[in-house]
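>
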Amino acid sequence: MPAAGVVVATGAISLDHARAEVEQLGPVVGFLAAVLVLAHFCDVEGLFQACGAWTARWSGGRPARLLTAVFALASVITAVLSLDATVVLLTPVVFATAARSGVRAKPHVYACTHLSNTASLLLPVSNLTNLLAFAASGLSFTRFAALMVLPWLVAIGAEYLVFRWFFARDLSTAAPGARDTGEPPRLPLFALVTVGCTLAGFVLASAVGIDPAWAACAGALALAGRALVRRRATPVTVVKAAAPAFLAFVLALGVVVRAVVDNGLADALGRVLPGGTGLPALLGVAALAAVLANLINNLPAVLVLLPLVAPTGPGAVLAVLLGVNIGPNLTYAGSLATLLWRRIVHQHDHGVDLREFTRLGLLAVPTALGAAVVALWGALQVVGS
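Using the working numbering, the first residue of the sequence shown is number 620, and each one after it goes up by one.
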């Protein structure tokens, strides 16, 4: 936020232009706040604990089967409740589930961070980068999902194959310890029904021309209201769940990035961005987005690139999204979610080897990104842009 003040005060961006940027990002940030509240109160209802108990019982202490369950669970949670839910709420549950099942935690915990990025391709609500791309693409909620479902499945499948090969030794034997699968989980029906109705609301709102953010707000209010009535939350808790400091960071970052773009970066990137909507162009756009995400973080990268590719059409916008969502699995600095995941892992006294993390990324990112771009190109031929 001080940086945003500096660029305005020095004239790098005019006050009117900065205000316009904030107004443009406002609806996106409001949508994000509602999804964060929704995910937080799903946790309060016990949804993530129930998911952990389900994965433990289904895997039966078999590491490879637990990895499959974690992949499925993390993919759905990331897509529906956003990547923050997977990193902040699911990762601790996966630690506990691995310990209870007597298996090594590393492959399953690494899956949480990779899928918080890769599996966030499906819906506009899955990631803040998606919300920004959704606003720039001009697509409806359902068409966005229709175009991204195949890249989403292909990218997750590529990641799964890489994980099975990379962690073959860890997945072949269970760690010493009791395999306590626990009691049958009690499913939090209210939370599940609310999330289901919210997803249906996204589709219906988009179909009738209403901003899907209203559906997110309704779901968040239902869960937060229930928690308030049952005295499991306070108004302060609800406000904290919306992460107001992070929302302010996003708005300020938008102003800073806009100032940088207006003062030369747009021209520089415009000279290297591939033109057209064919497969080679989409591959080039996605690769550039992935590199930029690892250099300056994926949120600034998407803010920089979207205005440049939006005139080309939705295909280029979605190719950028593939790059900035899958690319951050290469380095810690690629996304805020990865940095947050690293902090959570250290809080559980579990070391993260930088070389191992990078080796895994060097295998997973090109494989998943290349396959996802090809899948996107195919979806564009079938569904149309």
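Cβ atoms here follow ideal geometry from the backbone N, Cα and C, with glycine treated the same way.
Can you give the beta carbon distance from VAL992 to ALA938, rounded, assuming they're within the 8 angstroms contact cut?
At roughly 6 angstroms, the Cβ-Cβ gap stays under 8 angstroms, so VAL992 and ALA938 are in contact.
> Thinking ARG845 and PHE809 are a contact (beta carbons under 8 angstroms), I'd like their distance in whole angstroms, please.
Their Cβ separation, rounded to whole angstroms, is 7 angstroms, which keeps ARG845 and PHE809 in contact under 8 angstroms.
> Does the Cβ-Cβ distance between VAL1002 and LEU666 come in under 7 angstroms?
Cβ distance not < 7 angstroms, so VAL1002 and LEU666 don't count as in contact.
> Quick one: residues in its chain with C-beta nearer than 6 angstroms to the C-beta of GLU778, no 5 flanking neighbours on either side, listed in chain order?
Taken in chain order, the residues that qualify are HIS733, THR737, ALA983 and ALA987.
> For ASN882, count neighbouring C-beta atoms within 10 Å of its own C-beta (all shown protein chains included) and say buried if the count is 16 or more, exposed if not.
Per the 10 Å Cβ criterion, exposed.
> If we count the other Cβ atoms within 10 Å of its Cβ and call it buried at 16 or more, is ILE829 buried or exposed?
Looking at its Cβ environment, which holds fewer than 16 other Cβ atoms inside 10 Å, ILE829 is exposed.
> Tell me which residue opens and which closes the alpha helix (DSSP H) that SER735 is part of.
Here the alpha helix (DSSP H) through SER735 covers 725-737.
> Roughly how many angstroms separate the alpha carbons of LEU644 and ARG681, rounded to a whole number?
Cα to Cα, the separation comes out at about 45 angstroms.
> Can you look up ILE632 in the DSSP assignment and give me helix, strand or coil?
Three-state DSSP puts ILE632 in coil, outside helix and strand.
> Using three-state DSSP, classify THR792 as helix, strand or coil.
Note: THR792 maps to coil in three-state DSSP.
> In angstroms, rounded to a whole number, what distance separates the CA positions of GLY616 and VAL923?
The displayed coordinates of the chain run from 620 to 1004. Any statement about residue 616 would go beyond what the structure contains.
> Look at the alpha carbon of ALA990 and the alpha carbon of LEU902, and state the distance between them as a whole number of angstroms.
Taking the straight line joining both Cα atoms gives about 10 angstroms.
> When the Cα atoms are used, what is the spatial distance from LEU742 to THR748?
Cα-Cα distance, rounded: 11 angstroms.
> Which first and last residues belong to the alpha helix (DSSP H) in which SER756 is found?
747-756 is the extent of the alpha helix (DSSP H) around SER756.
> Among the residues of its own chain, which have a CB less than 6 angstroms from the CB of ALA622, if the five just before and after it don't count?
Cβ neighbours of ALA622 beyond the five flanking positions: VAL875.
> SER720 to PHE714, Cα distance in whole Å?
Approximately 10 angstroms between the Cα atoms of the pair.
> Using three-state DSSP, classify VAL992 as helix, strand or coil.
VAL992 falls in the helix class under three-state DSSP.
> Using the rule of at least 16 other Cβ atoms within 10 Å of the residue's Cβ for burial, across every protein chain shown, is THR716 buried or exposed?
THR716 comes out buried.
> Whole-angstrom Cβ separation of GLY838 and THR856, contact assumed at under 8 angstroms?
Not confirmed; about 17 angstroms, so no contact.
> Leaving out five residues before and five after ALA834 in sequence, what residues of the same chain have Cβ atoms less than 6 angstroms from its Cβ?
Answer for ALA834: THR817, GLY820, PHE821 and ALA824, listed in chain order.
> For HIS969, does the count of other Cβ atoms within 10 angstroms reach 16, so buried, or fall short, so exposed?
Exposed.
> Where are the alpha helix (DSSP H) runs, 4 residues long or more, that stay fully inside the segment 818-882, in chain order?
Taking only runs of at least 4 residues, the alpha helix (DSSP H) segments lying wholly in the segment 818-882 are 832-848, 854-860 and 863-879.
> With C-beta atoms as the reference, is VAL781 less than 7 angstroms away from ALA730?
The answer is no: Cβ separation not under 7 angstroms.
> Going along the chain, which residues of its own chain have a beta-carbon closer than 6 angstroms to the beta-carbon of THR629, five neighbours each way excluded?
Here the set comprises nothing.
> So is VAL625 buried or exposed if we call it buried at 16+ other beta carbons inside 10 Å?
That one is exposed.
> Please state whether the Cβ-Cβ distance between LEU949 and ASN913 is less than 7 angstroms.
Closer than 7 angstroms, so yes.
> Return the chain-ordered list of same chain residues with a C-beta closer than 7 angstroms to the C-beta of ASP662, the five sequence neighbours on each side being excluded.
The residues are LEU708.
> Rounded to the nearest angstrom, what separates ALA675 and LEU685 at their Cα positions?
Going by the C-alpha atoms only, they are around 7 angstroms apart.
> Assuming ALA862 contacts LEU655 under a Cβ cut-off of 8 angstroms, what Cβ separation, rounded to an integer in Å, is found between them?
Rounded, the Cβ-Cβ distance is 5 angstroms, consistent with contact.
> Report the rounded CA-to-CA distance for THR931 versus ASN746, giving the unit in angstroms.
Distance between the alpha carbons of THR931 and ASN746 is about 23 angstroms.
> Alpha carbon to alpha carbon, how far is ALA704 from ALA864?
When rounded, the distance between both Cα atoms is 17 angstroms.
> Apply the 10 Å Cβ neighbour rule to GLY953 and answer buried if 16 or more other Cβ atoms are within range, or exposed otherwise.
The residue in question, GLY953, is buried, as its Cβ has 16 or more Cβ neighbours within 10 Å.
> To the nearest angstrom, how far is it from the Cα of GLY649 to the Cα of ALA832?
One C-alpha to the other measures close to 7 angstroms.
> Pull up the distance between the alpha-carbon of ASN917 and that of ALA787, whole angstroms please.
Looking at the two C-alpha atoms, the distance is approximately 30 angstroms.
> In this structure, does DSSP put LEU806 in helix, strand or coil?
Three-state result, LEU806: coil.
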